[in-house]
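Structure, as structure tokens:
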Amino acid sequence: MAVAEAELVKTGQDDLFQLAKGFYTTKALLALWRMGLIERAAKGDLEVDEIAAEQSSDPNLLRPIFDYLVVRGFLERPEPGVYRLTERGANAVPYCGYLSTMVGAYEPVFSHLEDVVRGRLVYGKDVLRSHEEMVRGLTALEDRLMGTVAEVVRGAGASKMMDLGCGSARMLTRICALQDGLQGVGVDRDPNSCAVARETVKDRGLEDRVTILQADAIDVANLPRDVVGGVDMVTVMFLLHETLRQRGRGGTVRLMREIGALVGKNGRLVMVEVSGNPDPKYRENLLFVPEYELLHEYTNQRLAPRPEWEAMVAEAGMSVEQMAPVDMCQAFCLVAKP
């Protein structure tokens, strides 16, 4: 075998091992995330025997996953049975919500991807993403959005905001708590999310100012007027790309028009989306858009490039007032005015 051929074989093997390493590292981190151990590690040491007793598990089954993450540089072991985050691990903590939104939530789909591709399983009928895991991941990542959206709300002088697809209502209630007198309405069709959202409202003492509606968030025209009347700002975060695939461009523009009619000429639409990139030759330079686009292709969603969103806003009779950066990968915050 020639030297060049030997190097090629070695490179191919290394590439595959690198992919496998990433897979196992991701699964190990996701397991810790689901067990609540990443947040716990951010606050202090992980003691194997203590955790095993609390979770009724075998310490001999916990130890290997911790040891593996020591090898991969996310944990260190200062003494036997005790683990803590390394600098690398600590730096990853604020972004661990991506473990849910990019991997865990779509695990039911991608574990059977070959059957989805062959048409043997149909998304929405045979397989579904995990709504609970998606909500948990987005909730963990809300801090990356909080500053931008809160500034937009304050700057617009809104008196009543509505969050479509509110999930846990953490962001809605945090923004309302920051601005005296601001009323809020959260809309979500998932009953479990609404139950969590109502608990969030209660825990933050905002029951007199925030209402949670269990309803279809993309059917704004049929939301009860006695609840949504007076709304002068609507926030929509990572929801419109679902509407775009499921109801098409026309349905998405129609929803934007309904929002414009609801908020009135002095109101605002605030949308947060990830910009898709239609040109494959540029995708490899983006941090996670190729993966994000792939999972959306198989889950009845479609990303659009930012100019396309701007064009839909214009078609809905609104103008782009502000385009603000968001501290999330390839995301943007678009503020539109009727």
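For the sequence shown, the positions run 204 to 541 when this note's numbering is used.
C-beta: ideal position from N, C-alpha, C; glycine also.
Predicted model, so just to flag it, every value in this text is computed and none were measured.
- In this structure, residue 333 lies near residue 308, with their beta-carbon atoms less than 7 Å apart.
- Along the stretch 426-479, the beta strand (DSSP E) occurs as fully enclosed runs of 3 or more residues at 436-440 and 471-477, listed in sequence order.
- Judged by DSSP secondary structure, residue 421 falls outside any beta strand (DSSP E); it is assigned neither H nor E.
- The way I'd put it, the stretch 359-376 does touch the stretch 432-442; three or more beta-carbon pairs between them come closer than 8 Å.
- Per the Cβ contact rule, the stretch 283-290 is not in contact with the stretch 325-342 (fewer than 3 Cβ pairs under 8 Å).
- Here the stretch 399-418 makes no contact with the stretch 446-457; the two share fewer than three CB pairs at distances below 8 Å.
- Restricting attention to 478, 465 and 225, the CA atom closest to the CA of residue 519 is found in 465.
- The C-beta distance from residue 241 to residue 296 rounds to 6 Å, short enough to meet the 8 Å contact threshold.
- Here DSSP, grouped into helix, strand and coil, assigns residue 345 to coil.
- For residue 238, no beta strand (DSSP E) encloses it, and the DSSP letter there is neither H nor E.
- Looking at 335, 294 and 298, the one whose alpha-carbon comes closest to that of residue 311 is 335.
- As DSSP reads the structure, residue 326 sits in a beta bridge with 330.
- Here the alpha carbons of residue 461 and residue 423 stand approximately 6 Å from one another.
- Residue range 373-381 is occupied by the alpha helix (DSSP H) that includes residue 379.
- Taking C-alpha positions only, residue 395 is separated from residue 415 by approximately 12 Å.
- Taking the CA atoms as reference points, residue 362 sits about 7 Å from residue 384.
- DSSP places residue 362 outside both helix and strand once states are collapsed to three, so it counts as coil.
- As DSSP reads the structure, residue 230 sits in no beta bridge.
- Ranked by how close their Cα comes to the Cα of residue 498, the residues 353, 306 and 380 have 306 in first place.
- As the crow flies, the alpha-carbon of residue 269 is around 22 Å from that of residue 343.
- In the structure shown, the three-state DSSP call for residue 282 is strand.
- The C-beta distance from residue 436 to residue 359 rounds to 6 Å, short enough to meet the 8 Å contact threshold.
- Residues of the same chain with a CB within less than 7 Å of the CB of residue 265, apart from the 5 flanking positions on each side, are 251, 254 and 255 in chain order.
- Its chain contains 478 and 535 as the residues whose beta carbon lies nearer than 7 Å to that of residue 509, once the 5 sequence neighbours on both sides are disregarded; these appear in chain order.
- For residue 409, the three-state secondary structure derived from DSSP is coil.
- Within the DSSP bridge table, the entry for residue 417 names 391 as partners.
- Rounded to the nearest whole angstrom, the CA to CA distance from residue 388 to residue 431 is 7 Å.
- The C-alpha of residue 339 lies about 7 Å from the C-alpha of residue 300.
- Rounded to whole angstroms, residue 463 and residue 281 show a C-alpha spacing of 57 Å.
- 7 Å or more divides the Cβ of residue 539 from the Cβ of residue 458.
- Residue 221 carries a helical assignment under DSSP once its states are collapsed to helix, strand and coil.
- Using a Cβ distance threshold of 7 Å, residue 375 and residue 444 do not count as a contacting pair.
- Annotation: residue 476 to residue 277 spans about 30 Å, alpha carbon to alpha carbon.
- Put simply, the backbone Cα of residue 517 is about 23 Å away from that of residue 351.
- In the three-state DSSP reduction, residue 273 falls in the helix class (H, G or I).
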